[in-house]
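Numbering (this note's numbering), first residue to last: 4 to 431.
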Amino acid sequence: MIIDAGKGIEPQTLKLFEVCRLRGIPILTFMNKLDREAKDLLSLIDELENTLQLHAFPVNWPMGMGQRFKGVYDRTTKEAHMFERTVRGAYKAPVQVAGIADPAVKDTLDADSYHHFVEQIDLLEAAGADFDRADALTGGTTPVFFGSAVNNFGVELLLKALIAEAPPPGPRPSTAGLVEPTRDSFSGFVFKIQGNMDPRHRDRVAFVRVVSGKFTRDLTVAHSRTGKSYRLANAHKIFGRDREIIEEAYAGDIIGLVGYSDFGIGDTLSEDPKIVYDEIPRFAPECFARISNPNPSKYKPFAKGLEQLLREGVVRALIPRDAGDAKTTLLAAVGPLQFEVAQFRLQSEYGVDSRLEPMNWTLARWIGPATKPGAVDAVALPMQSARVKDEEGNEMILFPTPWSLQYLSEKHPEIELLRLPPSKSARA
4 MIIDAGKGIE PQTLKLFEVC RLRGIPILTF MNKLDREAKD LLSLIDELEN TLQLHAFPVN
64 WPMGMGQRFK GVYDRTTKEA HMFERTVRGA YKAPVQVAGI ADPAVKDTLD ADSYHHFVEQ
124 IDLLEAAGAD FDRADALTGG TTPVFFGSAV NNFGVELLLK ALIAEAPPPG PRPSTAGLVE
184 PTRDSFSGFV FKIQGNMDPR HRDRVAFVRV VSGKFTRDLT VAHSRTGKSY RLANAHKIFG
244 RDREIIEEAY AGDIIGLVGY SDFGIGDTLS EDPKIVYDEI PRFAPECFAR ISNPNPSKYK
304 PFAKGLEQLL REGVVRALIP RDAGDAKTTL LAAVGPLQFE VAQFRLQSEY GVDSRLEPMN
364 WTLARWIGPA TKPGAVDAVA LPMQSARVKD EEGNEMILFP TPWSLQYLSE KHPEIELLRL
424 PPSKSARA
């Protein structure tokens, strides 16, 4: 979880944290942008604890901030890591390591910064709390790191901690019950789709997280959404532009499958067709717009490009109850930047322009399984609200204001409204 030390916890951070808490995902926190003036650091720790209701343990502590930011002190090893600035983080920052009592530490900071730094370290140590790894793995404690990503300060310490503290692959819930990583049969789920990673070939890569069993090249698996069988022959390990063919992989590994156009985000691939995972969090959208093609002669590339972006999850399509204009597609996003990215990629990758018409809805809720059939049909929705379906057929209601959402919730408690879509197990 990356937090701007100058701003503190922002609304988008809260949304991400909510999903992590629901799924029991442990969180490491990185207080970023210490190369700029930041909030009071102890106040940031208090804000983190009070807002998110968890314990924050500063693993390291910054030595100065802004132009005076010189490094971080690792409380676990009792070592100060002093950085040299690089050009916009273009390469790993040279580091000098020394004990806190080393004269080099005092010489690195000006007198006021050194005094303030030592005073804060003494306060932290006086608190007497030790790092509880078991509590961190259950999400009760978040280890906190400080640094400046743009200058490559403190990033390596965070990554090393991630390697050291991250839990091993564990059991995952599925429609067939908990699936242990040691299960004999292979299973995994698609968590990312990326198109045009190689512009020369317009390829498409589905990234799969292995959950159980052993993956071997040419393995035949069932595709949960279509029921089809696929032979996974074109599997790669991908790092930047580098690709390496994968012969085998195990629980916790990531594999890139090239050229499988039917695969979508959230799909399960398994030797056992009964296993279906529900692993990909989806946030309730807050921005809505209709997108259309202003140039009829570009219909095919426009349709192809939009389909690819929807498969990648750049934006999501909603199906209105009243179909309306068949020449436009209703899009939903968490923030307006997603629409800008979609339009930019349509133009840069597919050579087509697009027209975007913002809509006036600001909130969306899924209709929960506790709602009786016909209950929504029997009520009058608040003015300018609308019923739609998402790409998986789940019913939703779009609201123009928080008041309209509150009005429907209070007047008709028999309608269950959810912030997150119903799980696949609930739908089953």
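Note that the Cβ used here is the ideal one computed from N, Cα and C, for glycine as well.
In whole angstroms, what is the alpha-carbon distance linking residue i and residue j?
i	j	result
residue 271	residue 173	17 Å
residue 72	residue 10	18 Å
residue 135	residue 169	13 Å
residue 104	residue 69	23 Å
residue 153	residue 383	52 Å
residue 243	residue 198	14 Å
residue 46	residue 16	17 Å
residue 248	residue 223	17 Å
residue 195	residue 208	8 Å
residue 430	residue 372	Low local confidence applies: a pLDDT of 41 at residue 430 is under 50, so the model's placement there is unreliable, with the coordinate-based value given in what follows. Whole-angstrom Cα-Cα distance: 7 Å.
residue 428	residue 180	Unreliable positioning characterises residue 428 in this predicted model, as indicated by a pLDDT of 41, which lies under 50. The coordinate reading is nonetheless provided below. Spanning the two alpha carbons is a distance of roughly 10 Å.
residue 377	residue 420	15 Å
residue 101	residue 214	42 Å
residue 40	residue 57	26 Å
residue 112	residue 162	26 Å
residue 133	residue 62	10 Å
residue 14	residue 210	28 Å
residue 42	residue 76	19 Å
residue 330	residue 356	14 Å
residue 344	residue 317	8 Å
Do residue i and residue j have their C-beta atoms within less than 8 Å of each other?
i	j	result
residue 144	residue 33	no
residue 292	residue 218	no
residue 123	residue 25	no
residue 282	residue 269	yes
residue 259	residue 240	yes
residue 385	residue 22	no
residue 280	residue 177	yes
residue 297	residue 358	yes
residue 78	residue 127	yes
residue 12	residue 50	yes
residue 55	residue 148	no
residue 392	residue 333	no
residue 388	residue 400	yes
residue 324	residue 390	yes
Can you tell me whether residue i is buried or exposed, with buried defined as 16 or more other CB within 10 angstroms of its CB?
i	result
residue 64	buried
residue 294	buried
residue 85	buried
residue 66	buried
residue 146	buried
residue 347	exposed
residue 6	buried
residue 38	buried
residue 36	buried
residue 131	exposed
residue 340	exposed
residue 416	exposed
residue 425	buried
Any heavy atom of the ligand MN closer than 7 Å to the beta-carbon of residue i?
i	result
residue 298	As for the ligand MN, it is missing from this structure, which has no ligand bound.
Any beta-carbon of chain B closer than 8 Å to the one on residue i?
i	result
residue 151	Among the chains in the structure shown there is no chain B, since it carries only a single protein chain.
Uninterrupted beta strand (DSSP E) stretches inside the region 160 to 245 (no shorter than 3 residues): 190 to 198, 207 to 215, 217 to 219, 222 to 226, 232 to 235 and 238 to 242
Take every Cβ of the region 275 to 285, pair it with every Cβ of the region 178 to 197, and state whether three or more of those distances are shorter than 8 Å. yes
Would you call the region 212 to 227 and the region 298 to 315 touching, i.e. three or more CB-CB distances under 8 Å? no
Unbroken stretches of the beta strand (DSSP E), 3 residues or longer, contained in the region 31 to 56: 32 to 35
Pairs of beta-carbons, one from the region 339 to 353 and one from the region 392 to 402, closer than 8 Å: are there three or more? no
Every unbroken alpha helix (DSSP H) inside the region 249 to 280 [4 residues or more]: none
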